[in-house]
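Numbering (numbering that gives the first Met the number 0), first residue to last: 0 to 296.
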Amino acid sequence: MEKRKVLVAGASGYLGRYVVREFARRGYAVRALVRSPEKLASEGPNLEPAVASMVEEIHRGDAADPASLKDACRGVDIVFSCMGLTKPQEGVTSEKVDHLGNRALLEDAMTHGVRKFIYISVFNAEKMMEVDVVKAHELFVKDLQSSGMPFTVIRPTGFFSDMGMFLSMARSGHMFMLGDGENHVNPIHGADLANICVDAVESSAIEISAGGPDTYTFNETVEMAFQAVGKSPWITHIPMWIGDAALFVTGIFNKSLAGVLAFAVSVSGLDNVAPPTGTHHLGDFYRELVTGGETKA
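1) Within the 8 Å Cβ cut-off, does residue 178 reach chain C?
2) Could you pull the start and end residues of the alpha helix (DSSP H) that residue 136 belongs to?
3) Tell whether a beta-carbon distance below 8 Å holds between residue 135 and residue 97.
4) Can you tell me the Cα-Cα spacing of residue 178 and residue 225, whole angstroms?
5) Measuring CB atoms only, is the segment 108-116 touching the segment 63-78, in the sense that at least three cross pairs come out at less than 8 Å?
6) Looking at C-alpha atoms only, which residue of 194, 46 and 110 is the closest neighbour of residue 68?
7) Measure the C-alpha to C-alpha separation of residue 205 and residue 27 and round it to an integer number of angstroms.
8) Below 7 Å CB to CB, which residues in the same chain sit around residue 15 once its five sequence neighbours on both sides are set aside?
9) At the level of alpha carbons, what is the spacing between residue 40 and residue 238?
10) Measure the Cβ-Cβ separation of residue 148 and residue 199 and say whether it is below 8 Å.
11) If you draw a straight line from the C-alpha of residue 294 to the C-alpha of residue 43, how long is it?
12) Looking only at its chain, what residues have a beta carbon closer than 6 Å to the beta carbon of residue 235, apart from the 5 residues adjacent to it on each side?
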């Protein structure tokens, strides 16, 4: 019996690697859509697995160049996309990548008769629609809804890799935090989220919100990072209005950087707690990053 084939768009990113691994584990033939295939061969910065050996085909493409996505979906049964802009790039916007790049991929999927499209968007999106990256995600969700293509949109609260930046700040000995840090979050490990993503192939749900098994205040996530590096917590809380002012000034001089920062500022003022799932814990993740150990499978 021929394997079902899945296209994983964004396969070299934090979540993409775990999704590749989980699809491969479940017997799918995986085609990876990436800009830089060589990244698949080495472990990621947050201990996410090297997956080059788990990929059967590679399509080199760039979400900012829709023409490069043509025929990425040829012969594919399922498309999974976590393709998006994760850091500032000169001349590249969230609209261009998260919205229009994914729309080009959707159009290619429809051309080639793909059976289902699974997409990673944002939890609490309706509360952050003024943020460019969130707006771009949701414009694509609207494209999915009107396409006639069967789909599932998955809305995670935040990845463990997002929390990884707290560790580097803790290593410096001092952490600046927007707001009072008492808002709550239950971030999710890539391996736990990958299970949900692959389960979505057979799910009838059109939207799934997901968080990790443990809920923390932002202060607690930072205190755990300090504990992991063996330092006493030193956190300076910055009023939200200062963050808003800094964002305004940044927007004048560097719009691409401001677009990324706007999401961080918005999240700093919200509770982000979704239905809990998974088995991985943030404290363990921090310790594994410090020791360079293997993450749990």
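Don't be surprised by glycine CBs; every beta carbon is placed ideally from N, CA and C.
Reading off the structure:
1) Reference to chain C is not applicable here, since this structure consists of a single protein chain.
2) 131-146
3) yes
4) 19 Å
5) yes
6) 110
7) 22 Å
8) 7, 9 and 81
9) 43 Å
10) no
11) Per-residue confidence for residue 294 stands at a pLDDT of 38, beneath the threshold of 50, marking its modelled position as unreliable; no derived number is given.
12) 175
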